[in-house]
Amino acid sequence: MKLATWNVNSLSVRIGHVIDWAREHQPDVLCLQETKQEDSKFPYDDLKDIGYEAIHSGQKTYNGVAILSKHPMTNIQRNMPDFEDSHQRVIAADIQGIRVICAYIPNGQAVDSDKYIYKLNWLAAFNDWIKTQLALHPKLVLLGDYNIAPEDRDCHDPAAWAGQVLVSPRERQAFQDLLSLGLHDSFRLFEQPEKSYSWWDYRMLGFRRNFGLRIDHILVSEALKSGCKSAHIDRAPRKLERPSDHTPVVLELEVS
DNA sequence: ATGGCTTATTGTATAAGA
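887 is the number of the first residue of the first sequence in the working numbering; add one for each residue after it.
Written out as C-alpha cells, the structure reads:
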C-alpha cells in the first residue's frame, strides 16, 4: 500500500499537478492539505475519473484537508471531537483496515504570538485525540503538514532558524510527545539523503538553493512499523511551473 | 535587510503562509 501526503497550497490551482502525480505514481492513499476551497467546489468528478474516491473537509480561502483513496473509506471523521475549531484541519477514515488520519497542523506564525499559542493548544488537543484513536485503532497512520521540523538535520540552516517558529523547542517537544504515544517517523526508518526537505520558500530561490525544511511527515503506529518498506520525498513536483511550496512525502507499506 | 513569492478575496490593498 502506497500512501502519500502533500500540502498543495490551493487545490484549484494545483489540481493538474495532483492528477498528473497520482496518475504517474498510483498511490493507494493521497492526503492533501490547504485545499483552500469549499466542499461544493471540490473536484470529486475529476478524481473519480482517475480512480479515486475522495473525502474533503474544506472552507473558503484557508486550510482544508482531503483524503483520496483507491479503496473504500469508512468511519469518516472530520475535525477533532473535543476541540472547538473554526479551521478545517483534520479528516480521517478507515482504509483497508488501517486508520488513516490527515492533518494540517497550524503554522504558528511567530513564537509567542497568538497563533503560536493556538498551535500549541491545538497540538495538545491533537495528542489527546490521537491517544484515543490509537487505543481504538492499533494500525494507524498519521499523514500531514505538521509545520514542525523535528531535528536540526531537518532544517537547511539550524543556526539561522534557532528558536524560530517551526523549529522552536516547544514545537519540537510536541512532536516528540506524539512519538511518545507509540508513533514512528517513517521517513527516518530508512537511510535518507542528507538535506532532505519537504518545503522550500517561494522567495529567494529557496528551492534552487535547497533552503528548505522537512515539515511534512508520515507517522506510523507500532503495529505498522515492521510493515514499512520504503519512504521518500518526491522533489519532482516542486520543479513544475507554478508549484506548491511543498512536495509529496511517500511511504510504502506492506499490509497483512 | 523582518523583505524576498504565492494565493485568495468581491480586492485595485490586505492577510496568511512558513
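Heads up, the beta-carbon is just placed ideally off N, CA and C, and yes, glycines get one too.
Beta-carbon spacing of residue i, residue j below 8 Å
{"i": "LEU1065", "j": "TYR1083", "result": "no"}
{"i": "GLU920", "j": "SER896", "result": "yes"}
{"i": "VAL1141", "j": "ALA1117", "result": "no"}
{"i": "LEU933", "j": "ASP914", "result": "no"}
{"i": "LYS1115", "j": "GLU1138", "result": "yes"}
{"i": "LEU1067", "j": "ILE1016", "result": "yes"}
{"i": "ASN1033", "j": "ASN993", "result": "yes"}
{"i": "ALA1109", "j": "LYS1025", "result": "yes"}
{"i": "THR947", "j": "LYS922", "result": "yes"}
{"i": "ALA1011", "j": "MET966", "result": "yes"}
Whole-Å CB distance - residue i paired with residue j, under 8 Å assumed
{"i": "ASP842", "j": "LEU1105", "result": "The chain is shown from 887 up to 1142; residue 842 falls before or after that span and cannot be answered."}
{"i": "PHE1097", "j": "TRP1085", "result": "Not quite, the Cβ-Cβ distance comes to about 10 Å (not below 8 Å), so this is no contact."}
{"i": "MET887", "j": "GLN1019", "result": "Between GLN1019 and MET887 the Cβ distance is about 19 Å, and since that is not below 8 Å, they are no contact."}
{"i": "TYR990", "j": "ASP1043", "result": "With 8 Å as the limit, TYR990 and ASP1043 do not qualify as a contact, their Cβ atoms being about 25 Å apart."}
{"i": "LEU1052", "j": "ILE1003", "result": "So it is not a contact: roughly 15 Å between Cβ atoms."}
Neighbourhood of residue i by C-beta, 6 Å cutoff - its chain only, sequence neighbours within 5 removed
{"i": "ALA978", "result": "GLN963, ILE987"}
{"i": "ALA1060", "result": "LEU1009"}
Own chain residues within Cβ distance below 7 Å of residue i, not counting five before or after
{"i": "ARG1121", "result": "THR1133"}
{"i": "ARG1056", "result": "LEU1006"}
{"i": "LEU1069", "result": "LEU1028, LEU1105, VAL1106, SER1107"}
{"i": "GLY1092", "result": "TRP1086, GLY1098"}
{"i": "GLU924", "result": "GLY944, GLN945, LYS946"}
Close Cβ partners of residue i (< 8 Å) along its chain, the five nearest in sequence each way excluded
{"i": "LYS1125", "result": "PHE1093"}
For this session: With a floor of 4 residues, list each alpha helix (DSSP H) that falls wholly inside the stretch 939 to 995, ordered by position along the chain.
Result: none
For this session: Could you name each continuous beta strand (DSSP E) segment of 3 residues or more that falls completely within the stretch 996 to 1082, going from the start of the chain to the end?
Result: 1026 to 1031, 1069 to 1071
Problem set entry | beta strand (DSSP E) runs wholly inside the stretch 907 to 937, at least 3 long, in chain order | 915 to 919
Exercise. When the Cβ atoms of the stretch 943 to 952 are set against those of the stretch 963 to 977, are three or more pairs found closer than 8 Å?
Worked result: yes
Exercise. Does the stretch 996 to 1003 touch the stretch 1029 to 1045, meaning 3 or more C-beta pairs lie closer than 8 Å?
Worked result: no
Exercise. What are the start and end residues of each continuous alpha helix (DSSP H) run of 4 or more residues lying completely inside the stretch 1071 to 1137, in chain order?
Worked result: 1108 to 1111
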